[in-house]
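Asker: Here's a structure for you.
Residue numbers (the working numbering): 852 to 1176.
Printed below as a string of structure tokens:
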């Protein structure tokens, strides 16, 4: 039985990845920092720890053939540069060092599509797009931290440690126990709690397809392989219309231009701090809504037989998980 380890196993992608690995008969070791609700009832080995604690990483990776590194601080806020660099960059450095010391054969690192420079907007994004530079290009602090972490993985020169890098787009689907950013938006739409939409959209991908593609990359890929795991582009009005059809809750009638939403973004962030809720949107998330629409998964399709399922199937599974249908 192949033994593998997962950091960030309690997150949305992590929870689905663990289920994919178990379904293939792997022995899974999950590094747990806080909540393990997403793993309840699953036959996994748990190691309490943190990617900033290299000792716990070594315990988790001992005797492991593959490591899937998903743990990260995800933020659409401004002013968290230091925290993002510490967790996402220093944490990734620790993961690489622990893989080396424990003799791990393969590291699968989960980057972000936004770690890549998505310009120019009139050309499809592929694995050949460059990484965001040192605060050069169009990106938020989170994007730069993921680019910096990505760069560390690419620079790995340990001959016994092979690497793969995965670039998911906007993931949705089941097993979102901690309500991801996209999950919160879907829930608000489904409950009629979204007063207006914002123009623009995302490339949406089923979280289960990301999990499947990552394991295929580990099993079939070669050292230094990089794969975009994308799905289908839909603007927010299309998403809202499908959710309305599935739930019977009317979609918001108003659509706010991105530039106008940007004017009110600081007020939304201020209200979020006062209310204790996550902001509905920030300038960073608004920028993401207006980015490149074409994220090509042609390489994954050719080399891994990757075929993302239809968006409607993904949103149905998400709404069923949230108990909204």
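Note that beta-carbon positions come from the ideal geometry of N, C-alpha and C, so glycine has one too.
#1: Is residue 860 near residue 890, with beta carbons less than 9 Å apart?
#2: How big is the Cα-Cα spacing for residue 975 and residue 883?
#3: Give me the DSSP bridge partner(s) of residue 1022.
#4: Check whether the Cβ atoms of residue 1080 and residue 1148 sit closer than 9 Å, and answer yes or no.
#5: Give me, in chain order, the residues of the same chain whose beta-carbon lies closer than 6 Å to that of residue 1031; leave out the 5 immediate sequence neighbours on both sides.
#6: Rounding to the nearest angstrom, what Cα-Cα distance links residue 950 and residue 940 in this structure?
#7: Assuming residue 856 is part of the alpha helix (DSSP H), what are its boundary residues?
#8: Determine, using beta carbons only, whether residue 886 and residue 992 come nearer to each other than 9 Å.
#9: Kindly give me the distance between the Cβ atoms of residue 1165 and residue 982, rounded to whole angstroms, as I take these residues to be in contact under 8 Å.
#10: Helix, strand or coil: how does DSSP classify residue 1177 here?
#11: Is residue 1162 near residue 1083, with beta carbons less than 9 Å apart?
#12: Answer yes or no: do residue 1094 and residue 1040 have a C-beta to C-beta separation smaller than 9 Å?
#13: Residue 1210 bridges to which residues according to DSSP?
#14: Given residue 1045, which residues of its chain have a CB within under 6 Å of its CB, disregarding the five upstream and five downstream residues?
Answerer: In short, the structure shows the following:
#1: Position 9 of the chain shown, counting from 1, holds the residue named residue 860. Position 39 of the chain shown, counting from 1, holds the residue named residue 890. A contact, by the Cβ cut-off of 9 Å.
#2: Here residue 975 refers to the residue found at position 124 when the chain shown is read from its first residue. Here residue 883 refers to the residue found at position 32 when the chain shown is read from its first residue. Using only the alpha carbons, I get a separation of about 37 Å.
#3: Taking the chain shown and counting its residues from 1, one reaches residue 1022 at position 171. Paired residues: 1056.
#4: Along the chain shown, one-based indexing puts residue 1080 at 229. Along the chain shown, one-based indexing puts residue 1148 at 297. The answer is yes: Cβ separation under 9 Å.
#5: The residue you call residue 1031 lines up with position 180 of the chain shown. Contacts found: 863.
#6: Reading the chain shown from its first residue, position 99 is the one you call residue 950. Reading the chain shown from its first residue, position 89 is the one you call residue 940. C-alpha separation (whole angstroms): 15 Å.
#7: The sequence position of residue 856 within the chain shown is 5, counting from 1. Residue 856 -> not in any alpha helix (DSSP H); beta strand (DSSP E) instead, spanning 854–858.
#8: Translated into the one-based positions of the chain shown, residue 886 becomes position 35. Translated into the one-based positions of the chain shown, residue 992 becomes position 141. No, the Cβ-Cβ distance between residue 886 and residue 992 is not below 9 Å.
#9: For the purposes of this step, residue 1165 is identified with residue 314 of the chain shown, where counting begins at 1. For the purposes of this step, residue 982 is identified with residue 131 of the chain shown, where counting begins at 1. Wrong, their Cβ atoms sit about 28 Å apart, outside the cutoff.
#10: This structure cannot settle anything about residue 1177, because the visible part of the chain is limited to 852 through 1176.
#11: For the purposes of this step, residue 1162 is identified with residue 311 of the chain shown, where counting begins at 1. For the purposes of this step, residue 1083 is identified with residue 232 of the chain shown, where counting begins at 1. Judged by beta-carbon spacing, residue 1083 lies within the 9 Å limit of residue 1162, meaning their Cβ atoms are closer than that value.
#12: Here residue 1094 refers to the residue found at position 243 of the chain shown. Here residue 1040 refers to the residue found at position 189 of the chain shown. Yes, they are a contact pair.
#13: The first residue shown for the chain is 852 and the last is 1176, placing residue 1210 beyond what the model contains.
#14: Taking the chain shown and counting its residues from 1, one reaches residue 1045 at position 194. Correct list, in chain order: 1039, 1103.
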